[in-house]
Amino acid sequence: MKTILAAILLVLTAIACQQAEPNQASSRQFYQLQIYTFERAEQITQTDQYLQNALIPALERQEVGPVGVFKNRLSGEDTVAHTYVLIPLESLDQVQHIPLSLEQDSSYLSDGSDYFKAAYNAPPYLRFESILLHAFSEWPRLKEPDLTGPRMERIYELRSYESPTETYAANKIEMFNAGGEVKLFDRLGCNAVFYGQVFSGSRMPNLMYMTAYSDSTSRKEHWDAFFGSPEWKELIANPHYEHNVNHADIWLLYPTAYSGY
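In terms of the working numbering, the sequence shown has 594 at position 255, counting the first letter as 1, and numbering is strictly consecutive.
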């Protein structure tokens, strides 16, 4: 509980610091990213059923959405299955309000009963992590990408950039906003879904963002254009932005059949 309260206070402090731009700051969404980790196939099925039949319909009744649900592609190098659930929020109040409302939603409790009543020795997941983010000023709201083609071929690229300190993390966010990195992604048609500063998570200080592509060929073409652009070459050569990332994680995901986009 103390950890949750500390995270909330951190968010409130950051919002207070942004009051010089009240209209812009007030329109910025929050995001809750839940990452489920599985060790058995039946866990994946059970959690899928809960998300599709219980959680997402209940969130829709609260006018929360669209909810994106994504999975990683298992391979020889990536053998652990994960499901990523991205929930857009209009205010920090919803972090507290939504769970309380779900507790009073009889349809939600009924539709998710198998998930809720799972035995101690047959849980529906190994663990799950919940990350809270605040949208960047240059991309204040989640945007659904307009992609065509089979969902299994689509790539939703989720990235996490960790920084050495809070100061360097703020510098990297500035690089996206004032520095023009967000505008560059947009100019190149990289189908950004969201950009967010992590206010509560296990890898802070860090930011996360997601871009989307119709397939692996499209992804390569867009990244080649990004790294070859004059804007990026100017940014990366600017000493003002040196050393602002010391670790990056990249996840190439695909949307489930019931994902909102």
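Beta carbons: idealized from backbone N, C-alpha and C, even for Gly.
Using C-beta distances below 8 Å, list every residue in its chain close to residue i, excluding the 5 sequence neighbours before and after it, in chain order.
i: L592; result: F409, K410, N411, R412, Y423, I494, Y495, E496, L497
i: L432; result: The sequence shown places Asp at residue 432, not Leu. Result list for D432: empty, nothing under 8 Å.
i: T386; result: Y375, F377, T422, Y454, P463, Y464
i: G519; result: E570, L574
i: P361; result: Because the pLDDT at P361 is just 40, under 50, the model does not fix this residue reliably, and the point stays unresolved.
i: E483; result: P405, V532, G599, Y600
i: L398; result: G404, V406, I426, I437
Within a Cβ cutoff of 7 Å, which residues of the same chain sit near residue i, ignoring the five residues on either side of it in sequence?
i: F515; result: F475, E477, V521, Y534
i: Q368; result: P427, L428, E429, A474, P479, R480, L481
i: E543; result: First, the residue type needs correcting, since residue 543 is Met and not Glu in the sequence shown. Correct list, in chain order: V537.
i: I575; result: none
i: K341; result: The predicted model places K341 with a pLDDT of 38, which falls under 50 and marks its position as unreliable, so this point remains unresolved.
i: S440; result: Q401
Between which residues of its own chain and residue i is the CB-CB distance below 6 Å, once the five residues before and five after are set aside?
i: S366; result: P479
i: A596; result: none
i: E505; result: P544
In the DSSP output, what is residue i paired with across the bridge?
i: L546; result: Y500, Q536
i: A551; result: Y495
i: E416; result: Answer is none; E416 lacks a bridge partner.
i: N411; result: L592
i: T376; result: H421, R466
i: L471; result: Q371, S539
i: P396; result: For P396, which the question treats as bridged, DSSP gives no partner whatsoever.
Using the Cα positions of residue i and residue j, report the straight-line distance between them to the nearest angstrom.
i: A508; j: D525; result: 22 Å
i: P396; j: G407; result: 13 Å
i: G599; j: D485; result: 12 Å
i: K456; j: Y548; result: 34 Å
i: D563; j: T487; result: 21 Å
i: Q358; j: S539; result: Residue confidence for Q358 is low, a pLDDT of 39 falling below 50, so the modelled location carries little weight; the figure read from the coordinates is stated next. About 21 Å.
i: V584; j: F565; result: 18 Å
i: E560; j: L527; result: 10 Å
i: H582; j: N510; result: 9 Å
i: I470; j: L546; result: 11 Å
i: R490; j: I437; result: 29 Å
i: T384; j: P594; result: 15 Å
i: A355; j: L472; result: Interpretation of A355 is limited by its pLDDT of 43, a score under 50 that renders its predicted location unreliable; the figure taken from the coordinates is listed afterwards. So the alpha carbons of these two residues sit roughly 16 Å apart.
i: S557; j: E513; result: 27 Å
i: Y459; j: K572; result: 53 Å
i: A420; j: Q443; result: 31 Å
i: A461; j: T418; result: 20 Å
i: W590; j: S445; result: 36 Å
Report, in whole angstroms, the separation of the C-beta atoms of residue i and residue j, which I expect to be a contact under 8 Å.
i: N530; j: A517; result: That belief does not hold up - the Cβ atoms of N530 and A517 are roughly 22 Å apart, past 8 Å.
i: E501; j: H586; result: 4 Å
i: S568; j: L523; result: 6 Å
Inter-stretch contact at 8 Å, needing at least 3 Cβ pairs: the region 363-379 / the region 457-469: Taking 8 Å as the limit for Cβ pairs, the verdict is that the region 457-469 does touch the region 363-379.
The region 378-393 / the region 446-459 touching (three or more Cβ pairs under 8 Å): Counting Cβ pairs under 8 Å, three or more are found: they touch.
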